[in-house]
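Undergrad:
Residue numbers (the numbering used here), protein chains in the order written: chain L, 16 to 66; chain H, 270 to 718.
1) So the candidates are H/594, H/585, H/648 and H/601; which of them puts its Cα closest to the Cα of residue 616 of chain H?
2) Can you pull the chain L neighbours of residue 420 of chain H, defined as C-beta to C-beta under 7 Å?
3) Are the CB atoms of residue 569 of chain H and residue 561 of chain H nearer to each other than 8 Å?
4) Quick one: residues in its chain with C-beta nearer than 6 Å to the C-beta of residue 400 of chain H, no 5 flanking neighbours on either side, listed in chain order?
5) If you reduce the DSSP assignment to three classes, tell me which class residue 683 of chain H lands in.
6) Between residue 309 of chain H and residue 273 of chain H, what straight-line distance do the alpha-carbon atoms span, to the nearest angstrom?
7) Have a look at H/477, H/597 and H/621 and flag the residue whose alpha-carbon is nearest the alpha-carbon of residue 711 of chain H.
8) Take residue 424 of chain H as the anchor and find which of H/461, H/414 and H/403 has the nearest alpha-carbon.
9) Among the residues of its own chain, which have a CB less than 6 Å from the CB of residue 280 of chain H, if the five just before and after it don't count?
10) Measure the alpha-carbon distance for residue 607 of chain H versus residue 600 of chain H and round it to whole angstroms.
11) Could you tell me whether the Cβ of residue 604 of chain H comes closer than 8 Å to any Cβ of chain L?
12) Could you give the residue range of the beta strand (DSSP E) that holds residue 698 of chain H?
13) Could you tell me if residue 364 of chain H is buried or exposed, where buried requires 16 or more neighbouring beta carbons within 10 angstroms of its beta carbon?
14) What residue range does the beta strand (DSSP E) around residue 296 of chain H cover?
15) To be precise: take each residue of the region 467–494 of chain H, compare its Cβ to all Cβ atoms of chain L, and keep it if any distance is under 8 Å. Which residues remain?
16) Are residue 436 of chain H and residue 472 of chain H touching if we call contact CB-CB under 8 Å?
17) Just checking my contact of residue 375 of chain H with residue 492 of chain H at CB under 8 Å: how many whole Å lie between their CB atoms?
18) Among H/368, H/380, H/371 and H/447, which has the Cα closest to the Cα of residue 407 of chain H?
19) Ignoring anything shorter than 4 residues, give me the alpha helix (DSSP H) runs that lie fully in the region 274–341 of chain H, in order along the chain.
20) Across which residues does DSSP place residue 444 of chain H in a beta bridge pair?
21) If we cut at 8 Å on Cβ distances, does residue 618 of chain H have a partner in chain L?
22) What whole-angstrom Cβ distance do residue 696 of chain H and residue 659 of chain H have, given they're in contact under 8 Å?
Next comes the structure, spelled out in structure tokens:
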């Protein structure tokens, strides 16, 4: 690609297959306590992260 | 600008394109950025004519082909995600905000705890209630291994003996039930001393230290009980706490109001003090309060985030350890589509427990009787309310359905929505605008690194 640099090509749709295990941190507990941002959190699904 | 399930923006000298449904992010040349304005509803020959004065024909053709490649790989203009999943079917609870002290040794003007009394009696949680709360969490956690407990208040260090005993009790419970507790504490730092700092260091996965930036800002908002400023007392303690943390997590967290719309200066003040992990949040309050953030403030705030993003990038060139909570974004190891759709899980996976043992969806709803979910004795009895919270996600909030930021903010804060619009399904418009700007800043920072 000459004109496009892709920062991430991870497809959110694929995560539907394994998603929702619930092991990740509750977003509000980390620092904000008022706003809600999940973009800065990490997936803690062990099966996925082993790949 | 959003069109055809993408969002594109120019910030910090980067042209950026987000594909909303796949989560892909692309940094593009201006020619791609311009072609995208016409790509969906014009043929290539038409686009060549439209942009003829700006780019040569071959260049347009090649850039167009690159967009086609992305489209074929479902990395741009991808279709809606089918996120009609059944969330938390088993009603698992995994996180708890434990209000060990409804009392405080500061009286902050904006505190949702109404200067320490939480619309009720000043009260400390007794050990028995705290133990019951941890039991309750374990009993309701299904097959979740990681459980979170944030010691909160008021000021939790006013009930430190109970905090210590609860951590010890939690460790015993872990072994018995094959769980792992992540304890955290949110404190105003006033009572930090050698003993509790050591304890926090050893036992807390994270410590959130409250401070509002510059001395003048902090002391206006965060007053001692006899109306003095708190800055000079707490800053040395926060410094000491952070020094002891070494590589363990901490955040220095502040609130900004309409009284300090130049909050980026407060962020820089944190850095000057050596505080590297920081967060500053817009105040959540009644719009009638004189320090509330209102429509007339929003443009200044958005510009403030942009200015701070530039200063942040400069500082991080020499000090990558400097982290602002809202400019951190993990594009590759981030949460799954389910998490991105439901957000904090308040009222479902996440609850707050008061010193009396009453259960609320989160700390922001404590004291609002209509939001009481139940008690530690009865369990969750208001299942209708729990279901309402469970169903509050980006698919059910009308404004979120078409918003480009929905999978980053996950529908926003329910409490913010309720206190501004009397409806947890209607997000707080000003918060949305701030969140979107923070996200654009965060992604532009990544694009520059």
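Where a beta carbon is used, it is the ideal one built from N, C-alpha and C, also for glycine.
TA: Taking the definition as stated:
1) H/648
2) Near residue 420 of chain H there are no residues of chain L at all, since even the closest Cβ is about 11 Å away, more than 7 Å.
3) no
4) 438
5) helix
6) 8 Å
7) H/597
8) H/461
9) 709 and 713
10) 16 Å
11) yes
12) From DSSP, residue 698 of chain H is part of no beta strand (DSSP E) but of the alpha helix (DSSP H) over 698–717.
13) buried
14) 294–297
15) 475 and 477
16) yes
17) 7 Å
18) H/447
19) 299–304, 313–319 and 326–341
20) According to DSSP, residue 444 of chain H bridges with nothing at all.
21) yes
22) About 17 Å; that fails the 8 Å criterion.
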